[in-house]
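> Numbering (UniProt numbering), first residue to last: 1 to 299. Ideal Cβ placement from N, Cα and C applies to all residues, glycine included.
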């Protein structure tokens, strides 16, 4: 670790000024985490071994980048899901999502304990409730896409509880986090409001090993945290307004990595927040969950 990290005191690892930093994922085998800058069409990798920052150019805005069990990644781009190989830097489209709505794009995603990816779409203009929630799995050599919910303006999350039985998903402009029950067959039922925000907007979410939900808070300057019953925990403040998402990592999964954004901030706000768009880290007492990989089934 290039700097000493303290309990719940975020330190800026790199102030490289992402326009819209998002989607951090910890890759234990590399002692590194990956994240995206959606607006700049970049994929980044930060190595904890030597504090180096690598970058790849993406063909378009990449909403999420999630590991696959063959060492590649599955990425969400505006036109659909793409396979991404870090060794070659090549993106290859695997399937099209919502070809009938060119105003939508893929935004955020996660992998559950069974190796399935859950992701959302959103209106790129952030005004229509045209976004949806999907699940993708690999069966008999093909990607199988299932549609599960609709009516989102800006979908964020989703995240899965450590027991694998609850899915959380955000509609950011509505300032709501929803919860669903996940059935044994992967179905979603019992949609309900888990939390409502009055300050800031819920962005990316992730759960820790005790089932608490950690939520990056756009225009809120903090990580908002909830217990599984929906009651609030002490938030963790950052020196920037647009906090987008966290990932747990390190050998003990007690190091928290945070992405942030400069998007939407005025020149005056940027002057007051010189580290906006940087990546931050700190230590915590409750470990997170291991990062799961999307499972490619053998035919």
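#1: Only counting the same chain, and skipping five residues up and downstream in sequence, which positions put a Cβ closer than 8 Å to that of residue 17?
#2: From residue 249 to residue 288, what distance separates their C-alpha atoms?
#3: Looking at C-alpha atoms only, which residue of 37, 265, 231 is the closest neighbour of residue 218?
#4: Is the distance from the Cβ of residue 122 to the Cβ of residue 131 below 8 Å?
#5: Straight-line CA distance for residue 135 to residue 188?
#6: Pull up the distance between the alpha-carbon of residue 114 and that of residue 298, whole angstroms please.
#7: Entirely within the stretch 185-242 and at least 3 residues each: give me those beta strand (DSSP E) ranges in chain order.
#8: Terminal residues of the continuous beta strand (DSSP E) containing residue 270?
#9: Whose C-alpha, out of 92, 140, 77, 68, is nearest the C-alpha of residue 112?
#10: Assign residue 159 to one of three DSSP states: helix, strand, or coil.
#11: Take residue 162 and list the residues in its own chain whose beta-carbon comes closer than 7 Å to its own, dropping the five residues that flank it on each side.
#12: Is it the case that the Cβ atoms of residue 175 and residue 158 are separated by a distance below 8 Å?
#13: Put residue 132 into one of helix, strand or coil per three-state DSSP.
#14: What residues in its chain sit with their C-beta under 6 Å from that of residue 228, if we drop five residues either side in the sequence?
#15: What is the DSSP secondary structure of residue 254, reduced to helix, strand or coil?
#16: If residue 281 and residue 257 are in contact, beta carbons under 8 Å, what's the gap, nearest whole angstrom?
#17: Can you give the beta carbon distance from residue 91 to residue 59, rounded, assuming they're within the 8 Å contact cut?
#18: Around the Cβ of residue 170, are there at least 16 other Cβ atoms within 10 angstroms (buried) or fewer (exposed)?
#19: Excluding sequence positions up to five away, which residues of its chain have a Cβ less than 7 Å from the Cβ of residue 235?
#20: By the 10 Å Cβ neighbour count, where 16 or more other Cβ atoms means buried, how is residue 137 classified, buried or exposed?
#21: Since residue 241 and residue 273 are thought to touch, with beta carbons under 8 Å apart, how far apart are those beta carbons, to the nearest angstrom?
#22: Give, in chain order, every unbroken run of the beta strand (DSSP E) that is at least 3 residues long and sits entirely within the stretch 60-132.
#23: Excluding the 5 residues preceding and the 5 following residue 107 in the sequence, name in chain order all residues of the same chain whose CB lies nearer than 6 Å to its CB.
#24: Leaving out five residues before and five after residue 142 in sequence, what residues of the same chain have Cβ atoms less than 8 Å from its Cβ?
#25: Based on Cα-Cα distance, which residue from 269, 255, 182 lies nearest to residue 9?
#26: Cβ of residue 145 within 8 Å of Cβ of residue 66?
In this structure, then:
#1: Counting from 1 along the chain shown, the entry for residue 17 is found at position 17. Excluding positions up to five away in sequence, the list reads 262, 276, 277, 278.
#2: Within the chain shown, residue 249 is the residue found at index 249, counting from 1. Within the chain shown, residue 288 is the residue found at index 288, counting from 1. Cα to Cα, residue 249 sits roughly 7 Å from residue 288.
#3: Numbered from 1 along the chain shown, position 218 holds the residue referred to as residue 218. Looking only at 37, 265, 231, the smallest Cα-Cα distance to residue 218 is reached by 265.
#4: Numbered from 1 along the chain shown, position 122 holds the residue referred to as residue 122. Numbered from 1 along the chain shown, position 131 holds the residue referred to as residue 131. Contact: yes.
#5: Counting from 1 along the chain shown, the entry for residue 135 is found at position 135. Counting from 1 along the chain shown, the entry for residue 188 is found at position 188. CA-to-CA, the gap between residue 135 and residue 188 works out to about 10 Å.
#6: As a working mapping, residue 114 is identified with position 114 in the chain shown. As a working mapping, residue 298 is identified with position 298 in the chain shown. Each residue's Cα considered, the two are about 15 Å apart.
#7: As far as the stretch 185-242 is concerned, its whole beta strand (DSSP E) runs of at least 3 residues are 188-196, 201-207, 213-218, 222-226.
#8: Working through the chain shown from its first residue, we reach residue 270 at position 270. According to the DSSP assignment, residue 270 belongs to no beta strand (DSSP E) but to the alpha helix (DSSP H) extending over 267-272.
#9: Along the chain shown, read from residue 1 onward, the residue named residue 112 stands at position 112. With respect to the C-alpha of residue 112, the residue from 92, 140, 77, 68 having the closest C-alpha is 68.
#10: For the purposes of this step, residue 159 is taken as residue 159 along the chain shown, with counting starting at 1. Strand at residue 159.
#11: As a position in the chain shown, residue 162 is number 162, starting the count at 1. Hits under 7 Å: 207, 209, 211, 289.
#12: The count along the chain shown starts at 1 and reaches residue 175 at position 175. The count along the chain shown starts at 1 and reaches residue 158 at position 158. For the pair residue 175 and residue 158, the CB atoms are not nearer than the 8 Å cut-off.
#13: Start at 1 with the first residue of the chain shown, and residue 132 comes out as number 132. Residue state, collapsed to three classes: strand.
#14: Counted from its first residue, the chain shown places residue 228 at position 228. The beta carbon of residue 228 sits closer than 6 Å to those of 211, all from its chain and outside the five residues before and after it, given in chain order.
#15: What you label residue 254 is simply residue 254 of the chain shown in a count that begins at 1. In this structure, residue 254 counts as coil in the three-state DSSP scheme.
#16: For this step, residue 281 is matched to residue 281 along the chain shown. For this step, residue 257 is matched to residue 257 along the chain shown. That belief holds up - the Cβ atoms of residue 281 and residue 257 are roughly 5 Å apart, short of 8 Å.
#17: Indexing the chain shown from 1 puts residue 91 at position 91. Indexing the chain shown from 1 puts residue 59 at position 59. Indeed they touch by this definition, with Cβ atoms about 5 Å apart.
#18: Position 170 of the chain shown, counting from 1, holds the residue named residue 170. The residue in question, residue 170, is buried, as its Cβ has 16 or more Cβ neighbours within 10 Å.
#19: Along the chain shown, read from residue 1 onward, the residue named residue 235 stands at position 235. Take residue 235, set aside five residues on each side of it, and the residues of its chain with a beta-carbon closer than 7 Å to its own are 222, 223, 224, 225, in chain order.
#20: Locating residue 137 in the chain shown gives position 137, where the first residue counts as 1. With 16 or more other Cβ atoms within 10 Å, it is buried.
#21: The residue you call residue 241 lines up with position 241 of the chain shown. The residue you call residue 273 lines up with position 273 of the chain shown. Correct: roughly 6 Å between the Cβ atoms.
#22: List check, beta strand (DSSP E) in window: 64-67, 73-77, 80-85, 90-96, 104-111, 117-123.
#23: Taking the first residue of the chain shown as position 1, residue 107 is located at position 107. Excluding sequence neighbours, residue 107 sits near 63, 120, 122, 155.
#24: By one-based count along the chain shown, residue 142 stands at place 142. The answer is none, since no qualifying residue turns up.
#25: What you label residue 9 is simply residue 9 of the chain shown in a count that begins at 1. Nearest C-alpha to residue 9: 255.
#26: Here residue 145 corresponds to residue number 145 of the chain shown, with the count starting at 1. Here residue 66 corresponds to residue number 66 of the chain shown, with the count starting at 1. No. Outside cutoff.
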